[in-house]
DNA sequence: CCGGTTGTTCAGCG
DNA sequence: GCGCTGAACAACCG
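In the working numbering, the protein residues as written are 2 to 244.
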């Protein structure tokens, strides 16, 4: 569930509830959400991996973490963390983090950092990267302040596509390669969205969970590099390390 | 049945 | 105060 494009799919699936009144709110969240009962749902937004349920004055923020899930007009066996009931249906969230945001969203979120957002700004990403020369390329892609919405799958696929080894240092990469990384982070995310919608995401993976490099026909390396220590799949032959 | 993970936060330490 | 590490959370798959 968790990467940015999946939240865009969710946002499309729940459009029917925009403008509708919440007739009942429930769930095992410890966050006090009773105040939203009876309120009109103003909008759904996403920022990276944050799913935002907007009410006139406040916003409920859902983060799916690693195991979070949701159901529309059906339930799972496990108890919902948060449930919203409307006259025209119901929406349930499981195993997710729930928070209430009281501040104006524009003051909380830098929309230009979200790879799925129309306000996405590659120049700003380039500026942020320039200030972090010692950052590894793999860690950079997972940095939500720079590439909000990019998760481990997108990270592995982008680096494989642009032939960059995840431990490469940003400061050692040519400007052209940095720009390629930024461009591909967005391009791949939108392809991820289309493939996921069509239920064909996995079959398009070239690196993530794969054993063999399709370009070199040699085994891929599995390693947990960088500060994020997420599993990285890469080819030592065709993905260049800049160091 | 066990090991592993599309993620983040926080306590503890040096 | 900083960065780093490990734990915690939690559900499902193979």
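Glycine included, C-beta positions come from ideal geometry on N, C-alpha and C.
Please read these numbers as outputs of a predicted model, since none were measured by experiment.
Boundaries for residue 216: no beta strand (DSSP E) harbours it, and the DSSP string shows neither H nor E there. Looking only at 215, 188, 171 and 161, the smallest Cα-Cα distance to residue 227 is reached by 171.
Non-local C-beta neighbours of residue 224 in its own chain, meaning closer than 6 angstroms and more than five positions away in sequence, comprise 233, ordered along the chain. Listed in chain order, the non-local C-beta contacts of residue 49 below 7 angstroms within the same chain comprise 5, 115, 145, 149 and 150, local neighbours out to five positions each way being set aside. Within the DSSP secondary-structure output, residue 84 pairs in a beta bridge with 27 and 93.
When only Cα atoms are considered, residue 230 and residue 162 end up about 21 angstroms apart. Of the residues assessed, residue 166 falls on the buried side of the cut-off, its CB having 16 or more other CB atoms within 10 angstroms.
The beta-bridge partner set that DSSP reports for residue 64 consists of 51 and 98. In this structure residue 89 is exposed. Its beta-carbon is surrounded by fewer than 16 other beta-carbon atoms within 10 angstroms.
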